[in-house]
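Counting in the numbering used here, the sequence shown tops out at residue 317, every number present.
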Amino acid sequence: MKWKWPVIAIFLALIIVSSYIYVSSAASDDEYEFLGRLSFVKISNPDIYEGSPHSRLAAEYAKERGSNTVLLLHFAGHTGGQSYPNYLEGDVLVLELGFQDGATDYKLNNSMDWLVNSAFTMVLFGVPDDRFRYVSNGHVFYNLTDALDYLDKVAAQHGQEGKIVVVYHGTARGGNPNIMLGDGVPLYYQMAWLKHGRLAAYYYLLFGMLFPYYNSPYASYELFNAEQLQELYNDNGLNLKTAPYSYYELRNYNG
63 MKWKWPVIAI
73 FLALIIVSSY
83 IYVSSAASDD
93 EYEFLGRLSF
103 VKISNPDIYE
113 GSPHSRLAAE
123 YAKERGSNTV
133 LLLHFAGHTG
143 GQSYPNYLEG
153 DVLVLELGFQ
163 DGATDYKLNN
173 SMDWLVNSAF
183 TMVLFGVPDD
193 RFRYVSNGHV
203 FYNLTDALDY
213 LDKVAAQHGQ
223 EGKIVVVYHG
233 TARGGNPNIM
243 LGDGVPLYYQ
253 MAWLKHGRLA
263 AYYYLLFGML
273 FPYYNSPYAS
283 YELFNAEQLQ
293 ELYNDNGLNL
303 KTAPYSYYEL
313 RNYNG
């Protein structure tokens, strides 16, 4: 059985190389640039809003790539009111899109549920067209194409420049954030599959998971303090008025 692992390694290498070639050719004409995971754990509650560290980081990623728009993907906890609003972070438009899973009666999902119950079948076969519903800026959509068409129009009205940069929120409310893939990853995977097909979705998922390790200035802080930050969040200790001092230091991050 000594041959087994070399064969597996060669097979995986062929998938990565072929996916890279495919992505390189397909993505050149695409209107989106898929980056991957934004963060590992929440460092405040709410975690995404104008001026927050993760919001500013997402905007910075867009500007570094010549874009004035970033699309941020989530698990959606609610659809009422102005859920998952679009807003400006400086001169960058932040578009938010959340999804809910019909397999759980549209109840709040998390990355552990997806990893245990759905990841295998979705990775192999994709996401069924009628499984998710989507919410952005209070608008509910029942297929991803309609949701993206709406967001493309919002970006165009803002004077879209360059490609729309795509990240998924990525925060894990519990468990090891190195293992938990985080908030919004199924939607990121579904969007990559929709735009470029199976091979590209594999490629974007793999490298998207690795993205914050070598790009986020908060990665070490979040991973080193993950358990404490998760406990604080789940006990309402990260609410803005009671957040730890270290969070207020992060709010002053100037890039």
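For every residue, glycine included, the Cβ atom is placed at its ideal position computed from N, Cα and C.
Cβ-Cβ distance between residue i and residue j below 8 Å
{"i": "Gly244", "j": "Ala234", "result": "yes"}
{"i": "Leu213", "j": "Leu133", "result": "yes"}
{"i": "Tyr251", "j": "Ala262", "result": "no"}
{"i": "Leu249", "j": "Ser198", "result": "no"}
{"i": "Ser114", "j": "Ser101", "result": "no"}
{"i": "Ala120", "j": "Val229", "result": "yes"}
{"i": "Ala217", "j": "Leu157", "result": "yes"}
{"i": "Leu93", "j": "Lys225", "result": "Reading the sequence as shown, one finds Glu at residue 93 and not Leu. A contact, by the Cβ cut-off of 8 Å."}
{"i": "Ala124", "j": "Gln162", "result": "no"}
{"i": "His136", "j": "Gly299", "result": "no"}
Buried versus exposed, by CB contacts within 10 Å (16 or more), residue i
{"i": "Glu126", "result": "exposed"}
{"i": "Lys104", "result": "buried"}
{"i": "Thr131", "result": "buried"}
{"i": "Gly98", "result": "buried"}
{"i": "Pro279", "result": "exposed"}
{"i": "Glu95", "result": "buried"}
{"i": "Pro108", "result": "exposed"}
{"i": "Phe286", "result": "exposed"}
{"i": "Glu223", "result": "exposed"}
{"i": "Gly200", "result": "exposed"}
{"i": "Leu272", "result": "exposed"}
{"i": "Gly232", "result": "buried"}
{"i": "Gly270", "result": "buried"}
{"i": "Tyr196", "result": "buried"}
{"i": "Glu284", "result": "buried"}
{"i": "Tyr204", "result": "exposed"}
{"i": "Asp192", "result": "exposed"}
Residues that DSSP places opposite residue i in a beta bridge
{"i": "Leu267", "result": "In the DSSP output, where bridge partners are listed per residue, Leu267 has none listed."}
{"i": "Ile226", "result": "Tyr94"}
{"i": "Tyr149", "result": "Val156"}
{"i": "Gln252", "result": "DSSP output for Gln252 lists no bridge partner at all."}
{"i": "Arg195", "result": "Gln162"}
{"i": "His201", "result": "Ser198"}
{"i": "Asn287", "result": "Paired residue(s): none; Asn287 is not in a bridge."}
{"i": "Arg260", "result": "Arg260 is not bridged to any residue."}
{"i": "Arg99", "result": "Tyr230"}
{"i": "Asn301", "result": "Asn107"}
Cβ-heavy atom distance, residue i to the ligand SAH, below 7 Å
{"i": "Val202", "result": "Although the ligand SAH was asked about, the structure shown includes no ligands whatsoever."}
8 Å CB neighbourhood of residue i in its chain, flanking five on each side removed
{"i": "Tyr111", "result": "Ser117 and Tyr149"}
{"i": "His220", "result": "Asn130, Thr131 and Leu155"}
Cutoff 6 Å; reference residue i; Cβ partners in own chain excluding five residues on either side
{"i": "Leu267", "result": "Tyr251"}
{"i": "Gly236", "result": "Gln292"}
{"i": "Gly128", "result": "Gly224"}
{"i": "Tyr146", "result": "Glu158, Gly160, Val197 and Ser198"}
Close beta carbons around residue i, own chain, < 7 Å, minus the five adjacent residues each side
{"i": "Tyr275", "result": "Ala281"}
*Would you list, in sequence order, the uninterrupted beta strand (DSSP E) runs of no fewer than 3 residues that lie entirely inside the stretch 101 to 137?*
131 to 137
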